[in-house]
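Student:
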Amino acid sequence: MKTINIKRYILPVAMVCLCACGGEKGDETVIRVAVLRGPTAIAFAGWLEEPPMIDGKTVVVEITDSPEQMQAILIKGDADIAALPMINAANLYNKGVRYTLAGCPVWGNLYLIGKRDAKQLHVFGSGTTPDILTRYHINKHNLSYPLNYTLQTASEITQGLLAGKVEAAVLGEPFASLVLRRDTAFHILADLNNPDGTSPGFAEAAIVLKPEQESNRHTLDSLLQITCRLPGENPAKVIRILEERKIFPPGTITSQSIERCKIHYLPAKEAEQDILTFLQIIFSYEPKAIGGKLPDKGFISPLLRPF
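Each residue of the sequence shown is one higher than the one before, counting from 4 in the numbering used here.
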């Protein structure tokens with residue numbers, strides 16, 4: 004098989020702060036939005052291209068490269084709005100970090116990729132969403148895959164698949180599409196994102212707000228719905244925006260990979276039951292992932308928040 008330099012396709016060149024008018028920390032003329040690199044960044048492409056105004060302030064979108072960086076930003080209160088994994092949002096809430104859940108922009112991008120005769124399944128991120136939903140899927144469907152955690156990242160697993168060292172693995176986008184494009188021996192063996200065939204998917208991502216932004220909730224819901232529609236309506240434009248700003252290297256994302264991210268925005272109250280279902284699954288498999296307990300009703304309904 005032809006050797007491929009995965010880093011050229013996958014690894015970001017560096018953390019890039021993207022903004023419409025450069026806002027310094029503490030600048031009260033802007034609304035700072037922290038977004039994790041990945042599918043949530045795809046959802047915010049519209050704001051990157053045409054930053055909206057909210058309450059007379061320009062929205063500034065900044066990309067972070069890891070959940071750990073995002074957690075530090077929120078603990079310090081350095082973002083007005085943030086998009087991050089739902090389990091991290093619940094964990095921070097349970098620790099008293101004062102952000103309100105606004106809604107969900109991404110409804111699953113995890114897929115079991117492999118050869119049809121695969122006997123073993125590689126998973127990365129023990130105790131994180133990919134691992135937990137993999138175990139849930141295996142138990143629900145009475146599968147007998149032994150799980151292998153020796154590879155630590157999605158990039159390592161992707162390299163292993165393309166080098167013929169891994170038979171099957173759970174991957175998210177854009178890694179899943181990269182493997183499928185590079186080697187036709189691999190197929191999508193399972194979609195891990197739809198628990199019952201009728202729900203929108205798993206509420207894997209969250210958008211949270213500082214309490215000071217609560218008065219802008221209706222405006223934000225409307226603007227978030229618009230930016231989350233763009234990937235489905237004009238994927239070519241979204242790809243251009245993300246590549247020009249070096250959020251993804253050229254050729255990494257395609258219209259198919261965008262479609263598999265299941266991007267659409269639902270406000271927290273509309274998605275309440277789906278959020279609770281997802282968090283209950285997480286809690287039943289890995290309680291510490293969300294802080295050792297299910298968040299109280301104030302996580303979704305800020306008026307019921309105890310602090």
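Heads up, the beta-carbon is just placed ideally off N, CA and C, and yes, glycines get one too.
Give me the Cα-Cα distance between residue 165 and residue 182, rounded to the nearest whole angstrom.
Tutor: One C-alpha to the other measures close to 7 angstroms.
Student: Per DSSP, which one or two residues make a beta bridge with residue 65?
Tutor: 37
Student: State the Cα-Cα distance for the pair residue 220 and residue 34, rounded to the nearest angstrom.
Tutor: Their Cα atoms are separated by approximately 13 angstroms.
Student: Fully enclosed by the region 156 to 224, which beta strand (DSSP E) runs are 3 residues long or longer?
Tutor: 171 to 175, 190 to 194, 208 to 212
Student: What is the DSSP secondary structure of residue 270, reduced to helix, strand or coil?
Tutor: strand
Student: Pick out the complete alpha helix (DSSP H) segments inside the region 68 to 133, 4 residues or longer, and give them in chain order.
Tutor: Counting only runs of 4 or more, we get 70 to 79, 89 to 97.
Student: Between which two residues does the alpha helix (DSSP H) containing residue 326 stretch?
Tutor: With the chain covering 4 to 310 only, the question about residue 326 has no answer from this structure.
Student: To which residues of the same chain is residue 288 closer than 7 angstroms at the C-beta, ignoring the five residues directly before and after it?
Tutor: Sequence-distant partners of residue 288 (beyond 5 residues in either direction) whose C-beta falls short of 7 angstroms from its own C-beta, in its chain, are 135, 138, 139.
Student: When you compare only the Cα positions, how much space is there between residue 80 and residue 93?
Tutor: 16 angstroms
Student: Terminal residues of the continuous alpha helix (DSSP H) containing residue 43?
Tutor: Note, residue 43: alpha helix (DSSP H), 42 to 46.
Student: Would you report the Cα separation of residue 74 and residue 91, rounded to the nearest angstrom?
Tutor: 8 angstroms
Student: If we count the other Cβ atoms within 10 Å of its Cβ and call it buried at 16 or more, is residue 253 buried or exposed?
Tutor: Residue burial is scored here from C-beta neighbours: residue 253 has fewer than 16 other C-beta atoms within 10 angstroms and is therefore classed as exposed.
Student: Check residue 145 in the structure and name its three-state DSSP category.
Tutor: coil
Student: For the candidate residues 64, 69, 52, whose alpha-carbon lies nearest to that of residue 41?
Tutor: 69
Student: Where do the ends of the alpha helix (DSSP H) carrying residue 282 lie?
Tutor: 275 to 288
Student: By alpha-carbon positions, which one of 203, 247, 250, 218 ends up nearest to residue 276?
Tutor: 203
Student: Are the beta-carbon atoms of residue 228 and residue 268 separated by less than 8 angstroms?
Tutor: yes
Student: Per DSSP, what kind of secondary structure is residue 150 in: helix, strand or coil?
Tutor: strand
Student: For the alpha helix (DSSP H) holding residue 53, just list the boundary residues, first then last.
Tutor: Per DSSP, residue 53 is not a residue of any alpha helix (DSSP H), being assigned neither H nor E.
Student: For residue 85 versus residue 102, is the C-beta spacing smaller than 8 angstroms?
Tutor: yes
Student: Within 8 angstroms, do at least three Cβ pairs link the region 60 to 68 to the region 36 to 50?
Tutor: yes
Student: Please confirm if the region 235 to 245 is in contact with the region 111 to 131, defined as three or more CB-CB distances below 8 angstroms between the two stretches.
Tutor: no
Student: For residue 296, list the residues DSSP reports as bridge partners.
Tutor: Looking at the DSSP assignment, residue 296 forms no beta bridge with any residue, so it has no partner.
Student: For residue 144, tell me which candidate among 193, 274, 129 has the shortest Cα-Cα distance.
Tutor: Closest by alpha carbon: 193.
Student: Classify residue 89: buried if its beta carbon has 16 or more other beta carbons within 10 angstroms, exposed otherwise.
Tutor: A residue is called buried when at least 16 other Cβ atoms come within 10 angstroms of its Cβ; residue 89 meets this threshold and is buried.
Student: Ignore the nearest five residues each way along the sequence and tell me which others in residue 111's own chain have a CB closer than 6 angstroms to its CB.
Tutor: 196, 204, 205, 207, 265
Student: Using only CA atoms, which one of 301, 131, 173 lies nearest to residue 211?
Tutor: The shortest Cα separation from residue 211 among 301, 131, 173 belongs to 301.
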